[in-house]
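Residue numbers (the numbering used here): 2 to 269. Built from N, CA and C at the ideal position, the CB exists for glycine as well. None of these values were measured; they are calculated from a predicted model. Here is the structure we will look at, set down as structure tokens.
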């Protein structure tokens, strides 16, 4: 059962995606972010604003807390991690230095951050308060990861996609690899944390249950552009996908939900 492509959003260089509400999508582009309203006929730009106060500095990766008021970003050279409050120069601080911090994700409570580095075969779990490392999730070729909305699970993606339990940091599911996939394609949890979407091929997104990793559906994406990022909207009926050449596609999952319900399974 395939989802329906609902919208394409143009952007020069997408560094982050986040749904503020069911039809309200943030698209981060380095030093600023735009907000798009997802409609039945497509998407319309509602506002563009600076995400942080450093006017001369671009971020390579950017992540918001769940209230969209605080952020964590990596500088373009990848050597610094900074945290701060949206739109304010006060309280901006550095929590980590090193070579090539690449991807970022914050825990739901904002206390932990995931960061990947090209020079290390693991995703680092950092404490936001002081930048100290809590744990390293060993996954060959992995430089990115995502927290589940309830904070219980972490999914990492590299040459293989894997699911980890927060706290004891144990590996609970190995979802396999996809040789043609880039190593920076961040997986995404549904809003209730029961489902995970990840890149199973250059143009293939797979949905599985959490924490078992049992496959639910495959979404075949049109064209040759590779997938780079994924995120569900709060209602769980849309999936936004960033791709090469600055294209963001939004998939409608209503038909998939109906098919799951007909099969006696819980929807997304």
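query                                                                                                             : result
Own chain, CB closer than 7 Å to residue 284, minus 5 neighbours either side, in chain order                      : The first residue shown for the chain is 2 and the last is 269, placing residue 284 beyond what the model contains.
Residue 1 classed as buried or exposed, judged by whether at least 16 other C-beta atoms fall within 10 angstroms : The requested residue 1 does not occur in the structure, where the chain is confined to residues 2 to 269.
Nearest candidate by alpha-carbon position, reference residue 230, set 158, 109, 129                              : 158
Beta-carbon separation (whole angstroms), residue 147 vs residue 127, contact threshold 8 Å                       : Residue 147 to residue 127, Cβ: 15 Å. No contact.
Continuous beta strand (DSSP E) stretch holding residue 219: start and end                                        : 216-221
For residue 256, the three-state DSSP class (helix, strand or coil)                                               : helix
Coarse secondary structure for residue 129, derived from DSSP in three states                                     : coil
Same chain, Cβ closer than 8 Å to residue 40, five either side skipped, listed in chain order                     : 8, 24
Collapsed DSSP secondary structure at residue 35 in the structure displayed                                       : strand
Residue(s) in a DSSP beta bridge with residue 153                                                                 : DSSP, once it has assigned bridges, lists no residue as partnering residue 153.
Neighbourhood of residue 73 by C-beta, 8 Å cutoff - its chain only, sequence neighbours within 5 removed          : 63, 64, 82, 83, 84, 96, 105, 107, 114, 129
Member of 206, 150, 86 whose CA lies at the smallest distance from the CA of residue 20                           : 150
Same chain, Cβ closer than 6 Å to residue 176, neighbours up to 5 away in sequence not counted                    : 162, 214
Straight-line Cα distance separating residue 241 from residue 170                                                 : 28 Å
Contacting residues, own chain, Cβ-Cβ under 7 Å from residue 46 (five flanking each side not counted)             : 35, 37
C-alpha distance - residue 212 paired with residue 218, whole-angstrom precision                                  : 16 Å
Beta-ladder partner(s) of residue 139, from DSSP                                                                  : 123
Under the three-state DSSP convention, the category residue 110 falls into                                        : coil
Residue span of the beta strand (DSSP E) that contains residue 196, given as start and end                        : 196-202
Closest Cα partner of residue 199 within the set 155, 131, 27                                                     : 155
Cβ-Cβ separation, residue 228 to residue 204 (assumed contact under 8 Å), whole Å                                 : 7 Å
Inter-residue CB distance, residue 10 and residue 249 (contact presumed, cutoff 8 Å)                              : 4 Å
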